[in-house]
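Structure, as structure tokens:
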Amino acid sequence: MVYSNNPKIKNKLSVSPDSNQRFKGKVVLITGGTSGIGKTITECFLKEGAKVVITGRDVIRGLKTAKTLDQSGKRVRFISSNISKAEDVKKQTMETISLFGRIDVLVSGAGINVIGKLTQTSESAWDEVMDINVKGQFLSIKEAYPYLKKTKGAVITISSDVALPNRGSVTIPAYSISKSAVSQMTRMFAAEFAKDGVRVNAVSPANIIPGMLHNLDLSDPKKPTWRKEDLCGPDWVLPPFGRFGFSKEVASVVLFLASQEASYVTGAEVLVDGALNAAQA
1 MVYSNNPKIK NKLSVSPDSN QRFKGKVVLI TGGTSGIGKT ITECFLKEGA KVVITGRDVI
61 RGLKTAKTLD QSGKRVRFIS SNISKAEDVK KQTMETISLF GRIDVLVSGA GINVIGKLTQ
121 TSESAWDEVM DINVKGQFLS IKEAYPYLKK TKGAVITISS DVALPNRGSV TIPAYSISKS
181 AVSQMTRMFA AEFAKDGVRV NAVSPANIIP GMLHNLDLSD PKKPTWRKED LCGPDWVLPP
241 FGRFGFSKEV ASVVLFLASQ EASYVTGAEV LVDGALNAAQ A
């Protein structure tokens, strides 16, 4: 399908008929790609032909994930990185270039959470959440940008539905604030990078398995119960869609935004929440 009659850009806007290999020859850098939603995103990019670099702080888990996904080591590599540290972010970027020669997609997904009211949140806990969730995404995008500019690449940040106005969670307020910053940062980077053809979008999941729902007993998907007492429990309700979401459903949106099928989409924030927030509007 072609979306323009202009012969100068017609070919660039053509959608490949082989959608199962949309990322063949592409290199994807995924922070936080060693577990949970990030691992699923990694798996989906691999299935569609990409070479992937995953980063994280847990070296044992990172190496295990990389080997599990690609025993040959030719298409998946793990780089140990704490994205709150500028030197680590520079290292993960340069090692990706050294390994594969380019960066076509950055999925900025590393993040942490802390449970407790703001008045109960220590300064060190606050700093850690902001350093990883906000500063870490800022540094990762900034460092990768020169290489994304060369490939006319894409950035996808992982935010959250709690970033929305009037949606922040009183049980995870520091996380809510950090994700609000991520969503706004996504829009600012999108505006700045647009002139160079680099697209920046956010995906905001809610109620996704696996993820923050790991303590839920889902033997009856329509009547989830908590396996143990959890301060987050009251915030997690079954959305109007009638079930919780799965990480693959988040990954599908990420891959769409990374692909040329979304070539005119930038500065967007896509909710993956089963109408949870629509029902609360």
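Residue numbering for the sequence shown follows the working numbering, starting at 1 and increasing by one per position.
A virtual CB, placed ideally from N, CA and C, is assigned to each residue, including glycine.
Since we're looking at a predicted model, the values are computed, not measured.
Close Cβ partners of residue i (< 7 angstroms) along its chain, the five nearest in sequence each way excluded
{"i": "Leu306", "result": "This structure gives no information on residue 306, because the portion of the chain shown stretches from 1 to 281."}
{"i": "Asn20", "result": "Glu48"}
{"i": "Ala66", "result": "Ile54, Val76, Arg77 and Phe78"}
{"i": "Ala194", "result": "Thr266"}
Contacts around residue i, its chain only, beta-carbon distance under 6 angstroms, and the 5 residues preceding and following it disregarded
{"i": "Ala286", "result": "Because the chain spans 1 through 281 in this model, residue 286 falls outside it and cannot be assessed."}
{"i": "Thr55", "result": "Thr31, Ile79, Ser81 and Gln92"}
{"i": "Lys51", "result": "Val27, Arg75 and Phe100"}
{"i": "Ser160", "result": "Lys179 and Ser204"}
{"i": "Ala181", "result": "Val134"}
C-alpha gap between residue i and residue j, whole angstroms
{"i": "Pro240", "j": "Met94", "result": "44 angstroms"}
{"i": "Pro170", "j": "Gly116", "result": "Correcting the residue type first, residue 170 is Val in the shown sequence and not Pro. If you take the alpha carbons of Val170 and Gly116, they lie about 8 angstroms apart."}
{"i": "Glu48", "j": "Glu123", "result": "43 angstroms"}
{"i": "Lys152", "j": "Thr119", "result": "44 angstroms"}
{"i": "Gly233", "j": "Ile60", "result": "The predicted position of Gly233 is uncertain, since its pLDDT is 48 and thus under 50; a value taken from the coordinates is nonetheless stated next. Straight-line Cα distance between these residues: approximately 30 angstroms."}
{"i": "Lys149", "j": "Gln184", "result": "21 angstroms"}
{"i": "Asn133", "j": "Phe256", "result": "23 angstroms"}
{"i": "Ile172", "j": "Gly111", "result": "13 angstroms"}
{"i": "Leu231", "j": "Val162", "result": "Any reading at Leu231 must be qualified, since the residue scores a pLDDT of 40, below 50, and its modelled position is unreliable; the value itself is stated next. Their Cα atoms are separated by approximately 16 angstroms."}
{"i": "Leu63", "j": "Ala275", "result": "37 angstroms"}
{"i": "Ala190", "j": "Ala154", "result": "10 angstroms"}
{"i": "Ser259", "j": "Asp58", "result": "29 angstroms"}
{"i": "Glu143", "j": "Arg243", "result": "38 angstroms"}
{"i": "Asp131", "j": "Gly25", "result": "33 angstroms"}
{"i": "Arg199", "j": "Ser72", "result": "32 angstroms"}
{"i": "Leu304", "j": "Leu164", "result": "Only positions 1 to 281 of the chain appear in the structure, and residue 304 is not among them; the question remains open."}
{"i": "Met188", "j": "Ile141", "result": "12 angstroms"}
Minimum C-alpha distance to residue i - residue among the options
{"i": "Glu192", "options": "Arg61, Leu99 and Gly267", "result": "Gly267"}
{"i": "Asp70", "options": "Asn166, Thr42 and Arg57", "result": "Thr42"}
{"i": "Asn166", "options": "Cys44, Phe23, Leu29 and Asn277", "result": "Asn277"}
{"i": "Tyr147", "options": "Ser259, Val105 and Met188", "result": "Val105"}
{"i": "Ser34", "options": "Lys135, Asp196 and Thr68", "result": "As written in the sequence, residue 34 is Thr, which differs from the Ser given in the question. Closest by alpha carbon: Thr68."}
{"i": "Arg22", "options": "Lys39, Gly38 and Phe45", "result": "Phe45"}
{"i": "Asp196", "options": "Leu164, Tyr145, Gly73 and Gly242", "result": "Tyr145"}
{"i": "Ala107", "options": "Lys135, Ser72 and Gly38", "result": "Just to set this straight, residue 107 is Val in the shown sequence, not Ala. Ranking Lys135, Ser72 and Gly38 by Cα distance to Val107 puts Gly38 first."}
Cut-off 8 angstroms between Cβ atoms - residues of its own chain near residue i, not counting five sequence neighbours on either side
{"i": "Val272", "result": "Val203, Ser204, Pro205, Ala206, Ile208, Gly245, Glu249, Val250 and Val253"}
{"i": "Ala279", "result": "Pro239 and Pro240"}
{"i": "Asn201", "result": "Ala154, Val155, Ile156, Thr157, Thr186, Ala190, Leu257, Ala262, Val265, Thr266, Gly267, Ala268, Glu269 and Val270"}
Where the beta strand (DSSP E) containing residue i begins and where it ends
{"i": "Phe78", "result": "Val76 to Ser80"}
{"i": "Gly36", "result": "Unbroken run through Gly36 is the alpha helix (DSSP H), Gly36 to Lys47; no beta strand (DSSP E)."}
{"i": "Gly62", "result": "Where Gly62 is concerned, there is no enclosing beta strand (DSSP E), although the alpha helix (DSSP H) it sits in stretches over Val59 to Leu69."}
{"i": "Ile30", "result": "Val27 to Thr31"}
Endpoints, the alpha helix (DSSP H) within which residue i is located
{"i": "Ser124", "result": "Glu123 to Met130"}
Distance cut-off 8 angstroms: residue i Cβ against heavy atoms of the ligand FAD
{"i": "Ile208", "result": "Ligands displayed in this structure: none; no statement on the ligand FAD is therefore possible."}
Check your understanding: Quick one: any contact between the stretch 92-108 and the stretch 242-249, if contact means 3 or more CB pairs under 8 angstroms?
Key -> no
Check your understanding: Would you call the stretch 101-110 and the stretch 61-80 touching, i.e. three or more CB-CB distances under 8 angstroms?
Key -> no
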